[in-house]
Every structure is written in C-alpha cells, then in structure tokens.
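The numbering of the sequence shown is my numbering, which starts it at 236 and goes up by one.
Glycine included, every Cβ here is placed at the ideal spot set by N, Cα and C.
Below is one structure, written out as structure tokens; comments come after it.
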Amino acid sequence: MTHKREIQGVVVKISGDKTASVLVTRQVIHPRYHKMVKRFKKYLVHDERNEMKLGDKVIAVECRPLSKTKSFRLKTIVATGVK
C-alpha cells in the first residue's frame, strides 16, 4: 500500500463547483542567512459535498489526478474561518 501525502492549509478561494484553492505554508531555513523563512504554495482540493468555506483550515490527502491541476481530496475540516 502506498503512502498518501497529507497537506494542511487555509481555504483562500472557492474555485468553481466542488473545488477550493488551499494555501499551504511551510517554514524552511534560508541557505545563506540561516533564518526561518516562509514558503507558500496553493493546491486545488476536491470537495465532493461543497462544505469548505473561505478561511477554513483543512487537511487534504493526495489522490489520483481528478483534472489537469487537481490531485487532492478533502479529508477533514480542522477549524472554521471567520465570517
């Protein structure tokens, strides 16, 4: 059985039906200055029941490609965003 990647991020955009854009933040050490710097990446996440809202903190799991750019499915909603 293969290990599926899990990402955790914040919903920044509802991108059409059953899709949301999730911003994932990670911290890495800068190679020269040895400080912690933030790196950002956005992923499209499939939401079958349209339960994600703007500002929600979610966990998504990797799956087979659902479209050209969408390869993650919603696993759980960790926290709801402010309205």
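Option in Ile-242, Lys-270, His-269, Met-271 with minimal Cα separation from Leu-258: As a first step, residue 258 must be located in the sequence shown, where it is residue number 23. Checking every option, the nearest Cα to that of Leu-258 belongs to Ile-242.
C-alpha distance - His-238 paired with Ser-306, whole-angstrom precision: In the sequence shown, the residue the question calls residue 238 occupies position 3. In the sequence shown, the residue the question calls residue 306 occupies position 71. If you take the alpha carbons of His-238 and Ser-306, they lie about 14 Å apart.
Rounded distance between the beta-carbons of Met-287 and Ala-255, thought under 8 Å: Counting from 1 along the sequence shown, the entry for residue 255 is found at position 20. Counting from 1 along the sequence shown, the entry for residue 287 is found at position 52. Cβ atoms of Ala-255 and Met-287 come within 8 Å of each other, at about 5 Å.
Close-in-space but distant-in-sequence residues of the same chain around Gly-290 (CB under 7 Å, 5 per side omitted): Taking the sequence shown and counting its residues from 1, the one referred to as residue 290 is at position 55. Excluding positions up to five away in sequence, the list reads Val-245, Val-246, Gly-316, Val-317.
Exposure label - Val-263; buried when at least 16 CB within 10 Å: The residue you call residue 263 lines up with position 28 of the sequence shown. Residue environment analysis places Val-263 among the exposed positions, since fewer than 16 neighbouring C-beta atoms fall within 10 angstroms of its C-beta.
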